[in-house]
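Colleague:
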Amino acid sequence: MNAVLQGTGYNGWVLPVLLALPLLGAVTVAVQGIGARGQDALVQMQQARRTALLFFVAEAVLSLGLWWSVDVNNLAWQGLVDLPWIPQWGIRFTVGLDGIALMLVLLTTLLMPLAVLGSWTSIRERTHSYYALLLILTTGMLGVFMALDLVLFYVMWEVMLVPMYLIIGVWGGQRRLYASLKFFLYTMVGSLLMLVAIVWLGLLAGESTGAPTFSYDAILQMSRTTQVTGAFWLFGAFALAFAVKVPMWPFHTWLPDAHVEAPTAGSVILAAIMLKMGTFGFVRFAVPLFPEVAMHPTVRAVILALAVIGIVYGALVALVQPDVKKLVAYSSVSHLGFVMLGIFAMTVEAMQGALMVTISHGISTGALFLLIGMLYERRHTRQLADFGGIAKVMPVFAVMLTIVALSSIGVPGTNGFVSEFLVLLGSFTTQPVHAVIAATSVIFAAAYLLWAVQRVIYNPLTKLENQALKGFDLNWREIGLITPLLIGILWLGVYPKPVLQKTEAAAARLVRAVDVAVSNARRVGGQP
Amino acid sequence: MDNTFHPLFYSFHFYLFGLIGIASALLFVTRKSPVAAALWLVNVMFCLAALYLMLDAQFIGAIQVLVYAGAIMVVFLFVVMLLNLGHPSELADIRGNGGRLAAGAVGLALLAEVAVLTRARFPAQLTPKAAAALAQVDQPGGVIAPIADALFREHLLAFELTSILLLTAIAGAVVLGRKRGAADAR
Amino acid sequence: MLAESLLLSAVLFTIGVVGVLTRRNAIILFMCVELMLNAVNLTFVALSTLYGATGQVFVIMVMTVAAAEAAVGLAIIISIFRHRQTVHLDDINLLKG
Amino acid sequence: MHTDLPPTGHPLADTVARFAWLIPVLPLLGFLANGFLSLHAAATPGPADPSAGGNHHGDHGGHAAAHHDHGHEDGHHAERHPAAGFVSLIGPGVLLAAFGLTIAVFFAMRGAGEGMHAPFVMTLFQWMPTGSLSLDVAFQLDQLSMVMMLIITGIGTLIHLFSVGYMQDDPGYPRFFAYLNLFVFFMLILVMGASYPLMFVGWEGVGLCSYLLIGFWFSEQANADAGKKAFIMNRIGDFGMLVAMFLLFANLGTLSYEGVRAGAAELVFGGALVTAICLFLFLGATGKSAQIPLFVWLPDAMAGPTPVSALIHAATMVTAGVYMIARSATLFSLAPVAQLTVAVVGVLTAVFAATIGLKQWDIKKVLAYSTVSQLGYMFVGVGVGAYTAGVFHLMTHAFFKALLFLGSGSVIYAMHCAYHATHNYADAQDMRNMGGLKAFMPVTATLMWIATLAIAGIPPLSGFVSKDEILAAVFARTHHSTLAEATWLGIPGSVVLYGIYALGLAAALMTAVYMTRMMLYTFHGPNRTGEAERPHLAEAPWIMTGPLVVLGILSAVGGFVNLPKLFGGGMAEILHHWLEPVVGEATLQVTLGETPHLSHATEYALIGTAVAIAVIGIALAWTRCKPAALVPAAEAPAEVGLEKTLANKWYVDEAYDRAVVQPTLGVSRTVLWKGLDTGVIDGLFVNGSAYLMRGLGWVGSQLQTGRVGTYAWVLVLGAVAILSAFSFR
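Residue numbers (the numbering used here), protein chains in the order written: chain F, 1008 to 1535; chain L, 1165 to 1350; chain B, 494 to 590; chain Z, 3 to 731.
1. So with Cβ pairs under 9 Å, would you call Leu-705 of chain Z a contact of chain L?
2. Going by alpha carbons, who is nearest to Trp-544 of chain Z out of Z:Ser-165, Z:Pro-583, Z:Ala-638?
3. If Ser-1415 of chain F sits next to Ala-1272 of chain F, beta carbons under 8 Å apart, how far is it from one beta carbon to the other, in whole angstroms?
4. Check Arg-1389 of chain F in the structure and name its three-state DSSP category.
5. Where Ser-1136 of chain F and Leu-1149 of chain F are concerned, what is the direct C-alpha to C-alpha distance, given to the nearest angstrom?
6. Leu-244 of chain Z touches chain F at which residues, Cβ-Cβ below 7 Å?
7. If distances are taken between C-alpha atoms only, which option among F:Tyr-1337, F:Pro-1170, F:Gln-1085, F:Val-1346 comes closest to His-1259 of chain F?
8. Output, in chain order, the set of chain Z residues within a Cβ distance shorter than 9 Å of Pro-1257 of chain F.
9. Check the Cβ of Arg-577 of chain B against every Cβ in chain L and list those closer than 7 Å, keeping chain order.
10. Put Ile-1098 of chain F into one of helix, strand or coil per three-state DSSP.
11. Helix, strand or coil: how does DSSP classify Phe-730 of chain Z here?
12. Go ahead and label Asn-183 of chain Z buried or exposed: buried means 16 or more other beta carbons lie within 10 angstroms of its beta carbon, across all protein chains shown.
13. Can you confirm whether Leu-582 of chain B, when its beta carbon is compared against all beta carbons of chain Z, has any partner nearer than 9 Å?
14. Mapping the DSSP letters down to three states, classify Met-494 of chain B as helix, strand or coil.
15. Comparing the C-beta of Arg-329 of chain Z with each C-beta of chain F, is any distance below 9 Å?
16. Does DSSP put Ser-258 of chain Z in a helix, a strand or coil?
17. Quick check on Val-585 of chain B - is its C-beta less than 9 Å from some C-beta in chain L?
18. Can you find a C-beta in chain F that's less than 9 Å from the C-beta of Thr-547 of chain Z?
19. Do the CB positions of Leu-505 of chain B and Leu-540 of chain B come within less than 9 Å of each other?
20. For Arg-2 of chain Z, count neighbouring C-beta atoms within 10 Å of its own C-beta (all shown protein chains included) and say buried if the count is 16 or more, exposed if not.
21. Taking the alpha helix (DSSP H) that Gly-289 of chain Z falls in, what are its first and last residues?
22. If you reduce the DSSP assignment to three classes, tell me which class Met-124 of chain Z lands in.
23. Given a cut-off of 9 Å on the beta-carbon distance, is the pair Phe-141 of chain Z and Met-194 of chain Z in contact?
24. If you reduce the DSSP assignment to three classes, tell me which class Asp-432 of chain Z lands in.
25. What in chain L is Cβ-close to Ser-729 of chain Z, meaning under 7 Å?
26. Grab me the residues of Ile-570 of chain B's own chain with a C-beta within less than 8 Å of its C-beta, minus the 5 sequence neighbours each way, in chain order.
27. Would Ile-1226 of chain F and Val-1158 of chain F be called neighbours here (beta carbons separated by less than 9 Å)?
28. Can a CB atom of chain L be found closer than 9 Å to the CB of Leu-725 of chain Z?
29. Could you tell me whether any Cβ in chain L is nearer than 9 Å to the Cβ of Val-533 of chain B?
30. Compare the C-beta of Val-230 of chain Z with all C-beta atoms of chain F and state if any pair is closer than 9 Å.
31. Would you mind reading off the limits of the alpha helix (DSSP H) that contains Leu-184 of chain Z?
32. What are the boundary residues of the beta strand (DSSP E) that Gly-1086 of chain F is part of?
33. Report the residues of the region 1182-1204 of chain L with a CB closer than 8 Å to any CB of chain Z, ordered along the chain.
34. Quick one: is Gly-1341 of chain L near chain B, going by C-beta distance under 9 Å?
35. If you follow the beta strand (DSSP E) that Ala-2 of chain Z is in, where does it begin and where does it stop?
36. Please classify Arg-177 of chain Z: is it buried, with 16 or more other beta-carbons within 10 angstroms of its beta-carbon, or exposed?
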């Protein structure tokens, strides 16, 4: 497989093409939309979704080659493309992958077609704009994972913000304006500080050569060889931006609102991919660039404490939510706490576990939101109290919801277990107390999800509206779009080795680099 | 500050016009009637014109009388009379005692600060060009030549721009002053 | 007589300021502003004895601006008076958005 | 699936044991097939655009709200599932195949004989290789897992067969067998896994199946609640197990049994670390095996179909805790304090559950508390380091308790059929509604009497032998053992052990009482069903009674597997010798390297006491319980005083609800969600900052009065301020 890919020079062009293709798709859909103006909404919908799906599938197929072509054990960036962009300010268009970014890119490209299928019939107005925004959003997300120039990263970070803001604000639920504004402002506050930090870093890195440079490698080199002035504040700026995105407690309150109001695809993307930007940011930028700050006992203690608070707090609050989407949103807070715990525990196992949580949370929560969306399309409610006994009338749905919920609970044999187990196991060696407290969430997770599942699909089937669902079980499209996720759930639960191997080298490298930096700092600090 | 010698006659008149100016200004701000106030202000301007003459700015002194006292203040008086601002409610425009006291205090504070700053920041020696400036009188072209020189060479652009400003002001004044009814009637 | 000139200028300026603060009649207010401009002019002239003719050029500029200002300002006052039948500033709050 | 062959040279390497991985895979295939059949028949994919139709067909659901009557096992009114034929073949078929294979492996292992001192570990594939963790999906065949596998597949097969009859008319028939097969799969993973995480997979997997099966008739809220409760209670225990695994990995760097066994040598005897590991493991066991304080889920679990109760909640899953401790014998023997904790909790549970069992009216609830009580016994056994005795009791208990549950299933089936035929909605599980059933179902009655005598401890039935061995072991440990030398909460170990022995006898007495009471009320005295129902009462079909007979035989003679030396002669202690390679070393460590030895006189005395206790208990029940005086449930007077407390299970559920559940929910809702989340973070900080900005904006807008005078003032004051800043610098 790899030989075939090499023959086409795959690695040399694939990343820019992956970034450009969705943009091209967005333009195509937009042009179609202009052409189709005034036509019947149904016709518009069919046209727009077909084109969008085509582009997303092409994107997914194109990206699949990365699985083979990326040599994760190679220290150099894979698929590297480095072009001048704004030369007078030292800003370049640099993209490349390592094992961690690879998995996230694949997660994105593979989930997006499912997200489109998830909104296949639920988005009926302004469909062209909707799908064009989804496509732009994809470019933004992929760009964040690929960018190796800090300014490019920032640009992509913001590119992804606007479409999501519009998707929530235009196609959302009752309180969509409040939710979208909250989402936007929350994220913006963090990311502006990050911009300041990026500019500062770029200028600092340019001091030696005279011209500013925003290249990730150059800045990483600088942080390793010299004492960066104001490292604490720079780390703080990055960490705040990422913490909002993760979201870490107490910066999480935008998430429930955004999830509840967003349309299905929006929720899926938000939970499955966009939250991962935050944790990816920590892994790629905040921690490696400022290892001695990140691993400073106080800083580390604060972040770990927030992570563990998030884990337990999210679970407890999820327990009492009356709205399914809100429940899942709080469960995301809990799960992402695991990622943060894993990253800051700073062992290879925990780091690997954190990356596994990143991926498996994307799959499980994505599937949960898709299923909730399917139920919502039928019942037009998300209140747990409105359901009950659905398993009688929608058995296939019930089976799928149960499996997905179990994966989210972390039952062994599913991806949820492997990831949480690795995080906790790895964290325990360095942070036993945190790991034990975090482990209590296995109890709460079971409590809130099983209780929710019970109230949805079990219990007596008393409500007329629910009885009317008989004969409206999942259709083939819906079954077909959940099935790949179920396969992913079981595959990662039973045989996660291929994925673990992809990220192993990058994770180990990061842990080693941080260890070296910390011990260096200690040695320097120890001298009089 | 400056150690230039001035004859008593010169000093006397300088102080005289200065004090008259201050007195007139005080009377100006305290008059209820706009007409009286305007006339006192004209008085201030005449005093200033005299001082300009004594400060070797004869040209400025002249146009002070012509433009300010002669043109601008006349316009003011015209407007006052046009609007017929003579009845009591219009006259009782001075604020109450509290406002006046506060304004006075602010004024004194401002004055004190200006004094402090001037003392602290004024260059100790201020005489380098004084002789040259005074010598201008004797040059061909008299006192106007240096001004013309500066105005039409160094600040030509600014000068030309003032013409645009004036034009705009004329147009603005015409538009604003026109009776609304006339435009509507058409 | 430079120091005296500057002092006088300051005093006149302050009187103008006090006038602005105490009077409510728009026309008198305008006159106070003219007084302040004159005070500044005096400074320019006084200092031009040291620094040359540029100061006097500035005075000419100020006068031009003052003339323009008076023309437009008074036109506005007339316009307002036509609407409101008053030139009392406390009765006029058109600037409030 | 490829198999990396185990270390060459192992005596099992070339035998049928190579295919041992098929044993769990077979039920998994069964699960897939049955699950597919279940969904295939039920599923008719919906329309392409779900929101187009959906809600507007209100007339569909009328019959879906079927009649729900507590205690009646719902669904008998429905027609048979279309795929029932296939399912009846696949479901028990895969189990039978697995059982056959297990037997073959067993004989291969027996054939290996002395060569079989190291376990046979077969690695299937790497599971989570990362960092210093190398975790394989590997099965371990040794004598202990062999015993468990035989019990699981053997009794599993019988119960599957029984279910074919019991569940035949249920609309969820394929689903039931799918779950049951899945359960067996996970149970086999649990006992065959070669590492703690793999055991955990099975551990949680069986919990999951238990959840699904308890809530099998999910349309009734109580059933769904019970399933959820079981799962969450188990999760509390699982938390303990997770922590134990973390401790093991952090300190020994491995999680496989063999690695831990080797690494245990480095652990300090009686040290805090090993004690903590064992206590956390035991926390896991209390969840799965329903011990104090996590026992409350098991009685509720009786909401599931009766074969489930027999298989999961009596014979196999609930004994996983016992298996786990036996599996970790090496660790437990290093931590006497933890061992005493296990034994004390076990005996307290035994007594406590027995007291509740004395006053239950629901036939399955009696058996449920009996199970809790007997599990307590097993924990006493493994707690005092008599691992063989614990496992032995596990085995015999699996026989007689499965028999009792299936027998009660037959009874309920008969009662239900009778009630169903007459459209009566009375409780088919309440003993007050039964009585005199001996006449209608003689086979069941006889078999259940065998099991009752076995559990009460009447020689030579199986229960007597195993229970006696546990009590004898407790007694033997009071001298010359690590336990006797240790102190537990400041009490000398020997005193604790005497206490355990005494309480064990008390529990045995109560066991005899409540079991006899149950039998008397159910099968003896006058029949308390109505006139209309009586003609419909009959013995269950042979597909159900057949397995009962097999279990009856096993209950009677199961004890011969491990007869005490006193009686056995050459046949003595077979199981003991069989398990020697796995737990022998650990047992010897507890007894300070010597085989415990009681004098014959002492042994006779102990046996005599035990038998006497059992006889007294039966006699007591016989004299005190008057089936003739009993009235049907509907007419029964309310209980008072201690009886009421016992009938209400000491109000433990209510106490947990008040002390844990409601506070957690309340705090989460009021303090965390409404208070902290919506109130403080969102209200004060997020929206608060927005309101602050709006307020500042309002203040700023107030400055804009539109009056020139005000502006002049502000301007001048500003100028004064700026100048003063320069002046007074």
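Even for Gly, the Cβ is constructed at its ideal location relative to N, Cα and C.
Modeller: Walking through what the data contain:
1. On the fourth sequence, residue 705 of chain Z is found 703 positions in, with the first residue counted as 1. It does not; no Cβ of chain L falls within 9 Å.
2. The count along the fourth sequence starts at 1 and reaches residue 544 of chain Z at position 542. Nearest option by C-alpha distance: Z:Ser-165.
3. Within the first sequence, residue 1415 of chain F is the residue found at index 408, counting from 1. Within the first sequence, residue 1272 of chain F is the residue found at index 265, counting from 1. The Cβ separation is near 19 Å, so there is no contact.
4. Here residue 1389 of chain F corresponds to residue number 382 of the first sequence, with the count starting at 1. Arg-1389 of chain F falls in the coil class under three-state DSSP.
5. Here residue 1136 of chain F refers to the residue found at position 129 of the first sequence. Here residue 1149 of chain F refers to the residue found at position 142 of the first sequence. The straight-line gap from Cα to Cα measures roughly 20 Å.
6. Start at 1 with the first residue of the fourth sequence, and residue 244 of chain Z comes out as number 242. Within chain F, the residues near Leu-244 of chain Z are Leu-1431, Ala-1446, Val-1449.
7. In the first sequence, counting from the first residue as 1, residue 1259 of chain F sits at position 252. Comparing Cα positions, the closest option is F:Tyr-1337.
8. By 1-based counting over the first sequence, the position of residue 1257 of chain F is 250. The answer, in chain order, is Leu-678, Asp-679, Val-682, Ile-683, Phe-687.
9. Within the third sequence, the letter at position 84 stands for residue 577 of chain B. The premise fails here: Arg-577 of chain B is roughly 11 Å from chain L at the closest Cβ pair, so nothing lies under 7 Å.
10. Mapped onto the first sequence, residue 1098 of chain F falls at position 91. In this structure, Ile-1098 of chain F counts as strand in the three-state DSSP scheme.
11. The residue given as residue 730 of chain Z occupies position 728 in the fourth sequence. Phe-730 of chain Z falls in the coil class under three-state DSSP.
12. Taking the fourth sequence and counting its residues from 1, the one referred to as residue 183 of chain Z is at position 181. Flag for Asn-183 of chain Z reads buried.
13. The residue labelled residue 582 of chain B in the question sits at position 89 within the third sequence. So yes, Leu-582 of chain B belongs to the interface.
14. One-based indexing of the third sequence puts residue 494 of chain B at position 1. Coil.
15. To locate residue 329 of chain Z, count along the fourth sequence from 1; it is residue 327. Not one chain F Cβ lies under 9 Å of Arg-329 of chain Z.
16. Counted from its first residue, the fourth sequence places residue 258 of chain Z at position 256. Ser-258 of chain Z falls in the strand class under three-state DSSP.
17. Residue 585 of chain B sits at position 92 when you count from the first residue of the third sequence. According to the sequence provided, residue 585 of chain B is Ile. The question's Val does not apply to it. No - not a single Cβ of chain L is within 9 Å of the one on Ile-585 of chain B.
18. One-based indexing of the fourth sequence puts residue 547 of chain Z at position 545. Closer than 9 Å: no.
19. What you label residue 505 of chain B is simply residue 12 of the third sequence in a count that begins at 1. What you label residue 540 of chain B is simply residue 47 of the third sequence in a count that begins at 1. No, the pair does not count as a contact, with Cβ atoms beyond the cut-off.
20. The question about residue 2 of chain Z has no answer, for chain Z in this structure spans 3 to 731.
21. As a first step, residue 289 of chain Z must be located in the fourth sequence, where it is residue number 287. Element bounds for Gly-289 of chain Z: 274-290.
22. To locate residue 124 of chain Z, count along the fourth sequence from 1; it is residue 122. Strand.
23. Mapped onto the fourth sequence, residue 141 of chain Z falls at position 139. Mapped onto the fourth sequence, residue 194 of chain Z falls at position 192. In contact: Phe-141 of chain Z and Met-194 of chain Z (Cβ atoms closer than 9 Å).
24. What you label residue 432 of chain Z is simply residue 430 of the fourth sequence in a count that begins at 1. Residue state, collapsed to three classes: strand.
25. Looking up residue 729 of chain Z in the fourth sequence gives position 727. What Ser-729 of chain Z touches in chain L: Glu-1277, Val-1280, Leu-1281.
26. Here the question's residue 570 of chain B lines up with position 77 in the third sequence. Cβ neighbours of Ile-570 of chain B beyond the five flanking positions: Ala-519, Ile-520, Phe-523, Val-580.
27. Taking the first residue of the first sequence as position 1, residue 1226 of chain F is located at position 219. Taking the first residue of the first sequence as position 1, residue 1158 of chain F is located at position 151. Contact flag unset, no.
28. Your numbering for residue 725 of chain Z matches position 723 in the fourth sequence. By this cut-off, Leu-725 of chain Z is an interface position.
29. On the third sequence, position 40 is the one that residue 533 of chain B refers to. Output row for Val-533 of chain B: interface = no.
30. Here residue 230 of chain Z is taken as the residue at index 228 of the fourth sequence, counted from 1. With the sequence shown as reference, residue 230 of chain Z is identified as Lys, and Val is not the correct amino acid for it. At least one chain F Cβ lies under 9 Å of Lys-230 of chain Z.
31. In the fourth sequence, residue 184 of chain Z corresponds to position 182, counting from 1. 175-194 is the extent of the alpha helix (DSSP H) around Leu-184 of chain Z.
32. The sequence position of residue 1086 of chain F within the first sequence is 79, counting from 1. 1085-1093 is the span of the beta strand (DSSP E), which, as asked, contains Gly-1086 of chain F.
33. none
34. Residue mapping note: residue 1341 of chain L aligns to position 177 of the second sequence, counting from 1. So, interface residue.
35. It is not possible to answer for residue 2 of chain Z, since the shown part of chain Z is limited to 3 through 731.
36. The residue labelled residue 177 of chain Z in the question sits at position 175 within the fourth sequence. By the 10 Å Cβ count, Arg-177 of chain Z comes out buried.
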